[in-house]
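Q: The listed protein sequences correspond, in order, to chains A and B. Going by this note's numbering, the letters in the first sequence line up with residues 102 to 203, in that order. Going by this note's numbering, the letters in the second sequence line up with residues 102 to 203, in that order. Beta carbons are placed, not taken as given, at the ideal position from N, Cα and C, and that holds for glycine.
Protein chains: 2
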Amino acid sequence: MFKPLDPLLHSELRLAVMSLLISVDEAEFPYIKQQTGATAGNLSVQLDKLATAGYIAIEKTFKGKKPCTLCRVTPVGLKAFEDYVAALRTYLNVKPDTTQQT
Amino acid sequence: MFKPLDPLLHSELRLAVMSLLISVDEAEFPYIKQQTGATAGNLSVQLDKLATAGYIAIEKTFKGKKPCTLCRVTPVGLKAFEDYVAALRTYLNVKPDTTQQT
DNA sequence: ATTATTTGGTTTATAAAATAAACTTGTTTA
DNA sequence: TAAACAAGTTTATTTTATAAACCAAATAAT
Numbered sequence: 102m103f104k105p106l107d108p109l110l111h112s113e114l115r116l117a118v119m120s121l122l123i124s125v126d127e128a129e130f131p132y133i134k135q136q137t138g139a140t141a142g143n144l145s146v147q148l149d150k151l152a153t154a155g156y157i158a159i160e161k162t163f164k165g166k167k168p169c170t171l172c173r174v175t176p177v178g179l180k181a182f183e184d185y186v187a188a189l190r191t192y193l194n195v196k197p198d199t200t201q202q203t
Numbered sequence: 102m103f104k105p106l107d108p109l110l111h112s113e114l115r116l117a118v119m120s121l122l123i124s125v126d127e128a129e130f131p132y133i134k135q136q137t138g139a140t141a142g143n144l145s146v147q148l149d150k151l152a153t154a155g156y157i158a159i160e161k162t163f164k165g166k167k168p169c170t171l172c173r174v175t176p177v178g179l180k181a182f183e184d185y186v187a188a189l190r191t192y193l194n195v196k197p198d199t200t201q202q203t
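#1: Quick one: what does DSSP say E127 of chain A is sitting in, helix, strand or coil?
#2: Give me the subset of the region 142 to 155 of chain B whose CB atoms are less than 8 Å from a CB atom of chain A, sorted by chain position.
#3: Compare the Cα-Cα distances from S112 of chain B to each of B:D126, B:L151, B:K180 and B:L122 and report the closest residue.
#4: Leaving out five residues on either side along the sequence, give the residues of the same chain with a beta carbon under 7 Å from the beta carbon of A181 of chain B.
#5: Could you pull the DSSP bridge partners for A158 of chain A from this structure?
#6: For L193 of chain A, go through chain B and note every residue whose CB falls closer than 8 Å to its CB, in chain order.
#7: From I133 of chain A to P168 of chain B, what does the alpha carbon distance come to, in whole angstroms?
#8: Would you decide whether G138 of chain B is buried or exposed? Buried here means 16 or more other CB atoms lie within 10 Å of its CB.
#9: DSSP three-state label for P163 of chain A, please.
#10: Taking 9 Å as the cut-off, decide whether the C-beta atoms of T175 of chain A and K161 of chain A are in contact.
#11: In chain order, what residues of the same chain lie with their CB nearer than 8 Å to the CB of T191 of chain A, ignoring the 5 residues before and after it?
Below, the structure written as structure tokens:
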């Protein structure tokens with residue numbers, strides 16, 4: 102009836118990161134931080150978890166003299182995201198709304 | 102960009118319970134337990150949280166001589182669920198569901 | 001009748017997660 | 001040269017989720 106939800110994606114910040122990376126294809130740490138509103142520490146931890154799972158690839162480069170952490174989603178990550186959304190739908194499939202609104 | 106997700110609903114079991122109660126309108130503890138596959142302890146805790154938030158109403162009655170815990174979703178709970186779904190959509194970057202199945 | 005089992009839960013303990021605070025390393029800027 | 005800043009990481013703390021242990025009443029077995 103209810104499909105289990107991938108715990109790695111069922112997290113507000115990680116889901117936001119994945120959603121963002123899917124839409125932009127690649128993004129730098131400060132940009133992700135700004136878009137998600139996360140603290141650097143929290144973001145660092147969650148990016149690590151996503152990378153460890155193989156859902157994103159993290160490339161550490163330099164931009165001039167500044168370090169630059171570049172992230173992008175992997176095919177595995179994209180698949181996991183799609184599966185997660187499909188699973189989530191089993192929880193959201195509620196009968197059409199009959200209540201009146203403004 | 103990403104709307105915050107109500108932490109009370111962003112939980113696999115509580116979301117399943119809400120989804121179930123919305124679809125059936127009212128249900129007894131053992132039925133919810135069976136449908137969600139939760140352990141009794143976990144279910145008891147999560148039902149309490151939902152009730153404390155006013156998302157569900159719990160009525161303790163008797164069915165013959167057996168105690169019977171009856172749950173139903175409240176208008177507040179239904180609204181919260183709808184808001185949660187709307188917020189979730191900001192993460193799924195999928196246009197409002199046109200795909201209708203079966 | 002007494003003991004064992006089942007039903008319908010609740011309470012408590014523990015493992016896992018999320019999150020922010022504190023810290024590090026190197027770079028500009030005053 | 002010292003102070004502030006940028007880009008993160010590491011560590012500590014608080015929450016959460018979850019199951020294990022427990023309880024009370026009813027029913028079934030001996």
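A: So, to answer that:
#1: By one-based count along the first sequence, residue 127 of chain A stands at place 26. Coil.
#2: none
#3: Here residue 112 of chain B is taken as the residue at index 11 of the second sequence, counted from 1. Minimum Cα distance to S112 of chain B is reached at B:L151.
#4: Against the second sequence, residue 181 of chain B aligns to sequence position 80. For A181 of chain B, where only same-chain residues beyond five positions count, the Cβ hits under 7 Å are D107, L110 and Y156.
#5: If you number the first sequence from 1, residue 158 of chain A lands on position 57. A:R173, per the DSSP bridge assignment.
#6: Taking the first residue of the first sequence as 1, we reach residue 193 of chain A at position 92. What L193 of chain A touches in chain B: S120, V186 and L189.
#7: Position 32 of the first sequence, counted from the first residue, corresponds to residue 133 of chain A. Position 67 of the second sequence, counted from the first residue, corresponds to residue 168 of chain B. Taking the straight line from one Cα to the other gives about 52 Å.
#8: Here residue 138 of chain B corresponds to residue number 37 of the second sequence, with the count starting at 1. G138 of chain B comes out exposed.
#9: The count along the first sequence starts at 1 and reaches residue 163 of chain A at position 62. Rather than Pro, the amino acid found at residue 163 of chain A in this sequence is Phe. F163 of chain A: strand per DSSP, three-state reduction.
#10: Along the first sequence, one-based indexing puts residue 175 of chain A at 74. Along the first sequence, one-based indexing puts residue 161 of chain A at 60. No, the Cβ-Cβ distance between T175 of chain A and K161 of chain A is not below 9 Å.
#11: Within the first sequence, numbered from 1, the residue matching residue 191 of chain A stands at position 90. M102, F103 and K104, listed in sequence order.
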